[in-house]
């Protein structure tokens with residue numbers, strides 16, 4: 001930089017430089033106003049967003065448990081299942097480490113099964129799913145993906161492909177669920193994978209097996225302890 | 236006479252964003268959303284509209300406040316303004332259109348760093364009246380939304396065989412899956428940029444030819 005240039009730069013800044021106070025003040029006011037707007041929007045949209053989430057969960061529960069008309073939320077505390085307290089204020093604000101499942105009942109208030117959420121790393125990101133489990137016959141009766149970033153057109157067939165969904169109409173969970181190639185299903189505990197989406201399909205199988213490991217024994221105990229009426233249709 | 240010139244100027248400020256200075260095809264700004272969320276027409280439209288809201292609101296505020304914002308902290312202030320509107324859009328989409336919000340995911344938050352928006356504040360809204368800034372913002376947003384749809388509509392038709400989720404070809408159509416994957420975005424954008432540049436070059440040559448014919 002030549003001397004001349006330097007001089008003009010110095011002059012330029014000397015003329016125009018406002019006080020630090022003004023700069024800090026401007027940014028402070030901008031931050032304050034922005035904060036007020038954001039808090040307002042947050043308070044206004046929060047009940048709507050929560051209602052959306054609740055509706056989505058409800059839709060998924062009714063989908064994975066056919067004939068289900070009502071459900072109750074159960075929470076796992078000290079390795080025992082208990083009805084979740086329906087405190088209006090704390091409603092839908094599950095603690096992060098709380099394990100929730102849903103027990104579904106039909107119109108005669110008989111237990112149809114449990115809707116159990118689970119998650120497992122897929123091809124791109126964690127797949128979150130909810131599945132319906134008939135604890136008497138030990139079969140999975142419905143399956144719904146809640147969250148997934150699987151590849152469009154390939155991995156997303158885990159929730160878009162109707163053929164894959166038929167795997168979960170009556171899938172036996174014992175001794176464990178096994179992934180087989182398309183068209184090779186022979187036993188009730190086998191899942192036909194999707195061509196071109198083997199990783200995503202296998203992730204689903206892992207998700208089901210691992211989630212069942214956690215819940216199977218607990219659910220048996222829960223049904224026995226509470227002497228729940230069980231839907232005849234399932235026996 | 237000045238009225239006519241005025242309205243001409245206004246029309247000019249609006250129209251330049253649509254074609255002559257189209258943010259995507261000419262300025263090549265906002266590539267991140269243009270490539271990432273254009274796999275369906277509905278996502279392209281939603282992203283275009285969300286960007287429109289942010290750009291227009293920020294332009295109004297910036298051009299209103301241009302005399303009170305010190306030059307040294309202007310970029311920071313613009314970012315605060317833009318980020319505020321983006322977060323508002325994020326909340327509103329989650330509240331009213333949860334489906335779209337889920338599809339667009341992190342790309343809503345990324346509108347903050349869309350060069351198109353900050354660029355218009357720095358290049359236009361901070362130097363012009365509120366009225367002109369609104370027109371400029373609307374024109375640029377319309378150009379952006381138009382470009383998003385130009386990429387999104389063919390990608391959805393070829394990649395999923397549908398348009399706005401309505402199936403077009405029936406069961407016999409084998410979708411070109413590559414078109415809804417990231418490479419499809421690059422292909423489509425490449426073809427469109429090629430077309431745009433070819434058209435611009437040809438009209439320039441024609442104008443030149445006409446001029447030479449007239450002079451000789």
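Chains as they are written, first to last, in this note's numbering: chain Z, 1 to 235; chain W, 236 to 451. We treat Cβ as the ideally placed atom computed from N, Cα and C, and that holds for glycine.
C-beta neighbour in chain W for residue i, strict 8 angstroms
i: residue 34(Z); result: yes
i: residue 158(Z); result: no
i: residue 57(Z); result: no
i: residue 152(Z); result: yes
i: residue 27(Z); result: yes
i: residue 91(Z); result: Here residue 91(Z) scores only 47 on pLDDT, less than 50, and its place in the model should not be relied on; the value that follows carries that caveat. No, because no Cβ of chain W sits closer than 8 angstroms to the Cβ of residue 91(Z).
i: residue 38(Z); result: yes
i: residue 22(Z); result: yes
i: residue 45(Z); result: yes
i: residue 143(Z); result: no
i: residue 30(Z); result: yes
i: residue 52(Z); result: yes
i: residue 164(Z); result: no
i: residue 264(Z); result: There is simply no residue 264(Z) to check, as chain Z begins at 1 and stops at 235 in what is shown.
i: residue 76(Z); result: no
i: residue 112(Z); result: no
i: residue 260(Z); result: Here chain Z covers residues 1 to 235 and nothing more, so residue 260(Z) does not appear.
i: residue 129(Z); result: no
Selection from the options that minimises the alpha carbon distance to residue i
i: residue 279(W); options: 313(W), 314(W), 381(W) and 334(W); result: 381(W)
i: residue 271(W); options: 366(W), 328(W), 439(W) and 387(W); result: 387(W)
i: residue 328(W); options: 425(W), 341(W) and 313(W); result: 341(W)
i: residue 309(W); options: 258(W), 356(W) and 344(W); result: 356(W)
i: residue 133(Z); options: 146(Z), 125(Z), 120(Z) and 116(Z); result: 116(Z)
i: residue 267(W); options: 442(W), 394(W), 383(W) and 439(W); result: 383(W)
i: residue 166(Z); options: 67(Z), 38(Z) and 191(Z); result: 191(Z)
i: residue 171(Z); options: 105(Z), 187(Z), 30(Z) and 55(Z); result: 187(Z)
i: residue 282(W); options: 239(W), 439(W), 379(W) and 416(W); result: 379(W)
i: residue 361(W); options: 299(W), 427(W), 248(W) and 449(W); result: 299(W)
i: residue 148(Z); options: 75(Z), 164(Z) and 128(Z); result: 128(Z)
i: residue 118(Z); options: 215(Z), 19(Z) and 17(Z); result: 215(Z)
i: residue 204(Z); options: 176(Z), 220(Z), 219(Z) and 223(Z); result: 176(Z)
i: residue 349(W); options: 366(W), 313(W), 331(W) and 448(W); result: 313(W)
i: residue 213(W); options: 295(W), 247(W) and 269(W); result: Outside the shown range of chain W, which is 236 to 451, sits residue 213(W), and nothing can be said about it.
Test: residue i CB closer than 8 angstroms to a CB of chain Z
i: residue 394(W); result: yes
i: residue 327(W); result: yes
i: residue 257(W); result: no
i: residue 389(W); result: no
i: residue 322(W); result: yes
i: residue 278(W); result: no
i: residue 243(W); result: no
i: residue 363(W); result: no
i: residue 315(W); result: yes
i: residue 330(W); result: yes
i: residue 273(W); result: no
i: residue 319(W); result: yes
i: residue 268(W); result: no
Same chain only: Cβ atoms within 7 angstroms of residue i, ignoring 5 sequence neighbours per side
i: residue 251(W); result: 374
i: residue 408(W); result: 396
i: residue 66(Z); result: 141 and 142
i: residue 359(W); result: 368 and 371
i: residue 439(W); result: none
i: residue 385(W); result: 427
i: residue 412(W); result: 394
i: residue 260(W); result: 382, 427, 428 and 431
Close beta carbons around residue i, own chain, < 6 angstroms, minus the five adjacent residues each side
i: residue 138(Z); result: 173 and 174
i: residue 51(Z); result: none
i: residue 197(Z); result: 154, 155 and 157
i: residue 283(Z); result: With chain Z represented from 1 up to 235, any question about residue 283(Z) goes unanswered, as that position is not in the structure.
i: residue 212(Z); result: 173
i: residue 200(Z); result: 122, 123, 150, 155 and 158
One or two residues paired with residue i in a DSSP bridge
i: residue 129(Z); result: 118(Z) and 145(Z)
i: residue 113(Z); result: 104(Z)
i: residue 401(W); result: 398(W)
i: residue 190(Z); result: 178(Z)
i: residue 134(Z); result: 139(Z)
i: residue 368(W); result: Residue 368(W) pairs with nothing; no bridge assigned.
i: residue 72(Z); result: 103(Z)
i: residue 172(Z); result: 139(Z)
Beta-carbon contacts of residue i that lie in its chain and below 8 angstroms, excluding the five residues immediately before and after
i: residue 404(W); result: 396
i: residue 401(W); result: none
i: residue 352(W); result: 286, 289, 290, 293, 317 and 346
i: residue 325(W); result: 336, 343 and 344
i: residue 184(Z); result: 190 and 192
Heavy atom of the ligand SAM within 7 angstroms of residue i beta-carbon
i: residue 108(Z); result: Summarising the ligand content, the structure contains no ligands, and the ligand SAM is consequently not present.
Legend entry - Selection of the region 299 to 311 of chain W by Cβ proximity to chain Z, strictly under 8 angstroms: 303, 304, 305, 306, 307, 308 and 311
Legend entry - Proximal residues, the region 398 to 417 of chain W versus chain Z, C-beta separation under 8 angstroms: 410, 412, 415 and 416
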